[in-house]
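Residue numbers (our numbering): 0 to 119.
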Amino acid sequence: MFKVTPNPPDADPIPYDASLEAQNIKTAKDRAIDFYLNPGLKTSTPSRKPGRIFLIDPTVDDETLLVEACESLSSASDMARDIASSVDETQRKAMVILQQVIMLSELVINRVLDNHRIAR
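1. Helix, strand or coil for I96, going by three-state DSSP, please let me know.
2. Taking only runs that begin and end inside the stretch 57-99, name each unbroken alpha helix (DSSP H) of 4 or more residues, in chain order.
3. Tell me whether A79 is buried or exposed, calling it buried when 16 or more other Cβ atoms sit within 10 Å of its Cβ.
4. How should A85 be labelled, buried or exposed, when 16 other C-beta atoms within 10 angstroms of its C-beta is the threshold for buried?
5. Taking one C-beta from the stretch 61-70 and one from the stretch 89-101 each time, how about it: are there three or more such pairs within less than 8 Å?
6. Using only the alpha-carbon positions, how far apart do D77 and I101 sit?
7. Counting C-beta neighbours from all protein chains within 10 Å, is the total for I24 16 or more, i.e. buried, or is it exposed?
8. Out of D87, L103, L64, L72, point me to the one whose CA is closest to H115's CA.
9. Quick one: residues in its chain with C-beta nearer than 8 Å to the C-beta of E105, no 5 flanking neighbours on either side, listed in chain order?
10. Is there a C-beta anywhere in chain B that falls below 9 Å from the one on S74?
As C-alpha cells, then:
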C-alpha cells in the first residue's frame, strides 16, 4: 500500500534557535534558585483563623468533646436512616452508605472513649 504523505514529514515543524534555548535554561535556573534559596519570594499561605460564630471552649476536656461528637454522629445516623426510608432506590443506596460511614465514625469515637476511660 502506498502512503501519500512522507514518513517522517520533510519540513521541520519548529525551527531551532540556540539563543532561545539559552534564555529558557537561564529562566528555569533562576526560578529554581529563587524557590530553594530565597524563601522571601515564596507565596506563604495565611494561617487559618477559627471562625467566631461557632467557638468551642478551649478549656473543655477531650472526653466531653468526644461524647458530644458521638452524640452528634448518632443523630446524623438516625437522620440519614430516616431519609433513606423515604427516597427512591438510587438515592436510598447513597443514604444507606452515608449512614454506615457515620455509624463507623461513631464506633471509632466510642473506641477512643473506651480507651480513654481504661487509661485512667
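We put the beta carbon where it would ideally sit given N, CA and C, even for glycine.
The short version:
1. helix
2. 61-83
3. buried
4. Note on residue identity: the sequence assigns Ser, not Ala, to residue 85. Exposed, by the Cβ-count rule.
5. no
6. 10 Å
7. exposed
8. L64
9. C69, L72, S73, S76
10. Protein chains in the displayed structure number just one, and chain B is not present.
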